[in-house]
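Have a look at the structure below before the remarks.
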Amino acid sequence: MKSVKTLCPYCGVGCGLEVVHNPSETSGAIVDNWKVRGDRTHPSSQGMVCVKGATIIESIDRGRLLYPMFRESLDQPFRRISWEEALGRIVGEIQRVRADYGADSICMYGSGQFLTEDYYTAQKLIKGCLGTNNFDANSRLCMSSAVSGYKLSLGSDGPPACYEDLELTDCAFFVGSNAAECHPIVFNRFLKYRKRNPQVKLVVIDPRQTPTAETADLHLGITPGSDVDLFHAIAYLLIQWGQLNRDFIKNHTNNFAEYVALIQQYPPEDVAPRCGISVAQIEQAARYWADSQRVLSLWSMGLNQSSEGTAKVQSLINLHLLTGQIGKPGAGPFSLTGQPNAMGGREAGGLAHLLPGYRSVTSAQDRSDLEQFWGLPPGQISPQVGRSVWEMITGLEEGSVQLLWIAATNPLVSLPDLERTRQALAKSPFTIYQEAYYPTETADYAHLLLPATQWSEKTGVMTNSERRVTYCQAFHTPAGEAREDWAVFAEVGRRLGYEAQFPFTSVADVYAEFAQLTAGRVCDVSGLSHEILAQSGPQQWPFPQGSEPTSTAKRLYLDDHFPTANGRANFAPVHPRGLAEPPDLDYPFVLTTGRLYGHWHTQTRTGRIPKIQQMHPEPFLEVHPRDGQKLGVSEGEWVRVESRRGACRLQVKVTKAIAPGTVFVPMHWGSLWAQGAEVNNLTHPAACPISQQPELKACGVKIIVE
Ligand code: SF4
Numbered sequence: 001m002k003s004v005k006t007l008c009p010y011c012g013v014g015c016g017l018e019v020v021h022n023p024s025e026t027s028g029a030i031v032d033n034w035k036v037r038g039d040r041t042h043p044s045s046q047g048m049v050c051v052k053g054a055t056i057i058e059s060i061d062r063g064r065l066l067y068p069m070f071r072e073s074l075d076q077p078f079r080r081i082s083w084e085e086a087l088g089r090i091v092g093e094i095q096r097v098r099a100d101y102g103a104d105s106i107c108m109y110g111s112g113q114f115l116t117e118d119y120y121t122a123q124k125l126i127k128g129c130l131g132t133n134n135f136d137a138n139s140r141l142c143m144s145s146a147v148s149g150y151k152l153s154l155g156s157d158g159p160p161a162c163y164e165d166l167e168l169t170d171c172a173f174f175v176g177s178n179a180a181e182c183h184p185i186v187f188n189r190f191l192k193y194r195k196r197n198p199q200v201k202l203v204v205i206d207p208r209q210t211p212t213a214e215t216a217d218l219h220l221g222i223t224p225g226s227d228v229d230l231f232h233a234i235a236y237l238l239i240q241w242g243q244l245n246r247d248f249i250k251n252h253t254n255n256f257a258e259y260v261a262l263i264q265q266y267p268p269e270d271v272a273p274r275c276g277i278s279v280a281q282i283e284q285a286a287r288y289w290a291d292s293q294r295v296l297s298l299w300s301m302g303l304n305q306s307s308e309g310t311a312k313v314q315s316l317i318n319l320h321l322l323t324g325q326i327g328k329p330g331a332g333p334f335s336l337t338g339q340p341n342a343m344g345g346r347e348a349g350g351l352a353h354l355l356p357g358y359r360s361v362t363s364a365q366d367r368s369d370l371e372q373f374w375g376l377p378p379g380q381i382s383p384q385v386g387r388s389v390w391e392m393i394t395g396l397e398e399g400s401v402q403l404l405w406i407a408a409t410n411p412l413v414s415l416p417d418l419e420r421t422r423q424a425l426a427k428s429p430f431t432i433y434q435e436a437y438y439p440t441e442t443a444d445y446a447h448l449l450l451p452a453t454q455w456s457e458k459t460g461v462m463t464n465s466e467r468r469v470t471y472c473q474a475f476h477t478p479a480g481e482a483r484e485d486w487a488v489f490a491e492v493g494r495r496l497g498y499e500a501q502f503p504f505t506s507v508a509d510v511y512a513e514f515a516q517l518t519a520g521r522v523c524d525v526s527g528l529s530h531e532i533l534a535q536s537g538p539q540q541w542p543f544p545q546g547s548e549p550t551s552t553a554k555r556l557y558l559d560d561h562f563p564t565a566n567g568r569a570n571f572a573p574v575h576p577r578g579l580a581e582p583p584d585l586d587y588p589f590v591l592t593t594g595r596l597y598g599h600w601h602t603q604t605r606t607g608r609i610p611k612i613q614q615m616h617p618e619p620f621l622e623v624h625p626r627d628g629q630k631l632g633v634s635e636g637e638w639v640r641v642e643s644r645r646g647a648c649r650l651q652v653k654v655t656k657a658i659a660p661g662t663v664f665v666p667m668h669w670g671s672l673w674a675q676g677a678e679v680n681n682l683t684h685p686a687a688c689p690i691s692q693q694p695e696l697k698a699c700g701v702k703i704i705v706e
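Spelled out as structure tokens, the structure:
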């Protein structure tokens, strides 16, 4: 019986899967021929999987896009075309738009579902050969505040901690993270450890009483948008109690005096009402932090998806710097990545301000490094930061974007202010949509559809939240005429005249070239190759040339030296700004959004799996009983939820899990699965000015009883 080791392609936990072939089955359907189980040898997940990983095989043969399709305009039906015609049209459109409008009129919006090789080839095509930095990925909606927070506070992106720290900590703060549903195997590892060590504390900071919060020693159900206030109040108490690591602060940090001066403005008595919690709760959280030898903080979208996402991340990191809780086992700030390979994407330069190897488009040295390495003339890479995805949408509105290439993501469900997004896409002169599935909400707005291979059909690597790189091997024939994303980008590059830049004959060649570019960088994988990963199993970076494969966990900053200008980490003395759209008389509730356990990525896969559909049959609106009483609605009634941008129709769930004044709607239902219940009809695009990550987690709404 043949078996293949690979990685779950859903979330950033990055669980190892073992796929076992049953040779007695002859139906040809993947679901009959292969069975999935957790890979016990994978260090990140140790054989565990959640419902998504366990059922992934059921999604492979359902609803696939099988061949290229084209239409001149959105009011026409698609017609099947050959790959030859599709590639010809792409090359022709790129040449025409570049000549008539300039390269900055061309944009690509990619995905944390890409393999690292897909990401890397796309950067070379868009940023290198075309000379525009208009490549952004759906990581913009997910992790870009973590990226900018790490960079500003610690000098570089890259989570310092690893999963083993979940089993070495004295106290874990899960902040804006419903890990029990969104990163279940990470949470399971922590819960198992805590069961054996009941003295270990769990603090959950979340406006909702999620399944994560239900298990906490302390749940701080704060008012949405009050995170920075809370972190500063905890810092106030730590300073007042003298619970500082003075040696660490003196030798390894900058800006301490400014930070302390700012923190004096955040006594818990002032902060508690703003956070909607008691002074005693803030004191308890600070006490847990102060009394612990090793504190780990884990966060996710609750911090990142905010118009002050970078400030939130930095304010949390401040607490680690204040107490020296970083660069040692069991401690540190730890972002839980949403997408399976958003980490690999960052390594490969897959955001509009990045270049491969954690380089920046604004650095002349970094651009020059890349131009030389890629064999491109000096000045070929633009010094301008490219468009974030929302700037691509506004570019379509104003006509400055003439060609949009979307790949492996579904923005017509996941972007904010969906009606505005729909109208912008409807104006797009030429939209290419490269995707494994059909139909999707975004396919309705495309001119050219390109069928992409997906998990099981493509080979390459992905990096999970703990910097662990796993080799994912193809073991199943691609559906229809589906092609690998990297191969499509390389072929378009060659047809545009960049034969020398795309000499790859295999995906291993692509990885080998990318890995060379990381030598000496924080995310160094120059010692890794497909061959090593296939033979020795998943490896964490840094993995410089000459490294030996190891199962020993790796952490960053163990020497307390940070990759900043002077080697010291930076305190961030920042004041909170609060929500971009706070509740008011017209829109009195704060809407917050989140994931359900079985859902993923706008349901392009999970919506096609019967077991998951049965788990989460329909969307809903969570309302606190007190608000339900005020509104005169009870469980099961239908209401209309309106924001300044749009509306949803939803069934009410009355629950004390949500705080009064706040309502919750799950986020993965698009029009394909629940017409009229798409929560992003309501959300707004106001974004963090540093990370450009939109505030998908909070907007003002009103509720109208039908
Ligand atoms: Fe896949 Fe994430 Fe579930 Fe692990 S926790 S099996 S990576 S969805």
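One point on numbering: in full-length UniProt numbering, the residue at position 272 of the sequence shown is 272, and numbering is uninterrupted.
The beta-carbon is built from N, C-alpha and C at its ideal position, and this holds for glycine as well.
Everything numeric in this text was worked out from a predicted model, so none of it was measured.
When Cβ pairs closer than 8 Å are counted between the two stretches, the segment 158 to 169 is seen to touch the segment 320 to 339, the count reaching three or more. Cβ-Cβ separation between phenylalanine 334 and leucine 303: approximately 12 Å, too far for a contact (criterion under 8 Å).
For methionine 69 and alanine 515, the gap between their C-alpha atoms comes out near 35 Å.
The C-alpha of tyrosine 471 lies about 11 Å from the C-alpha of leucine 17.
Relative to the ligand SF4, even the nearest heavy atom lies 8 Å or more away from the CB of cysteine 523. In the DSSP assignment, phenylalanine 78 falls outside any alpha helix (DSSP H) and carries neither an H nor an E. Boundaries of the alpha helix (DSSP H) harbouring valine 492: 485 to 495, taken from the DSSP string.
In this structure, glutamate 678 keeps its C-beta atom at 9 Å or more from the C-beta atom of valine 389.
In this structure, Ala698 is the residue among Ile704, Glu706, Ala698 with its C-alpha nearest to the C-alpha of proline 207. Between the alpha carbons of glutamate 258 and proline 273 lies a gap of roughly 25 Å. For the ligand SF4, a non-hydrogen atom lies closer than 8 Å to the CB of tryptophan 600. Looking from the CA of histidine 232, the closest CA among Gly628, Tyr150, Leu316, Arg605 belongs to Leu316. In this structure, the alpha-carbon of methionine 301 lies about 21 Å from that of glycine 53. Classified as buried, leucine 682 has 16 or more neighbouring CB atoms from the shown chains inside 10 Å of its CB. Under the 8 Å Cβ criterion, the segment 263 to 278 does not count as touching the segment 524 to 541, having fewer than three qualifying pairs.
Residue environment analysis places threonine 409 among the buried positions, since at least 16 neighbouring C-beta atoms fall within 10 angstroms of its C-beta. Taking the CA atoms as reference points, histidine 476 sits about 29 Å from glutamine 501. Of the residues assessed, tryptophan 455 falls on the buried side of the cut-off, its CB having 16 or more other CB atoms within 10 angstroms. Going by beta carbons, valine 228 and proline 576 fall inside the 9 Å limit. Fewer than three pairs of CB atoms, one per stretch, sit closer than 8 Å, so the segment 539 to 557 makes no contact with the segment 484 to 494. Judged by pairs of C-beta atoms under 8 Å, the segment 212 to 220 does not touch the segment 78 to 94, as fewer than three such pairs exist. Contact between the segment 200 to 215 and the segment 649 to 658 is present, with at least three C-beta pairs closer than 8 Å. Note: valine 654 is bridge-paired with Val623 in the DSSP secondary-structure output. The residues Cys8, Ser45, Val49, Gly53, Ile185, in chain order, have a CB closer than 6 Å to that of cysteine 15 in the same chain once the five nearest residues on each side in sequence are set aside.
In the same chain as aspartate 61, and ignoring 5 residues on each side of it, the C-beta atoms closer than 8 Å to its own belong to Ala29, Ile30, Val31, Ala479, in chain order. By a beta-carbon distance limit of 8 Å, leucine 237 contacts alanine 286. Their separation comes to about 4 Å. C-alpha of leucine 141 to C-alpha of proline 416: approximately 9 Å in a straight line.
Minimum Cα-Cα distance from glutamate 481 among the listed residues Leu130, Ser153, Glu531, Arg64 corresponds to Arg64.
Look at isoleucine 106 here: in three-state DSSP terms it is strand. The beta carbon of serine 177 sits no closer than 8 Å to any heavy atom of the ligand SF4. Boundaries of the alpha helix (DSSP H) around threonine 55: 51 to 55.
A distance below 8 Å between beta-carbons, with the five flanking residues on each side excluded, links valine 623 to the following residues of its chain, in chain order: Leu631, Val633, Val652, Lys653, Val654, Thr655, Ile658, Val663, Ile703. Nearest to arginine 644 by C-alpha distance, out of Asp157, Glu531, Gly700, is Gly700.
The residues Thr132, Asn134, in chain order, have a CB closer than 7 Å to that of aspartate 104 in the same chain once the five nearest residues on each side in sequence are set aside.
Spanning the alpha carbons of alanine 137 and glycine 112 requires a straight line of approximately 7 Å. With fewer than 16 other Cβ atoms from the protein chains shown falling within 10 Å of its own Cβ, histidine 561 counts as exposed.
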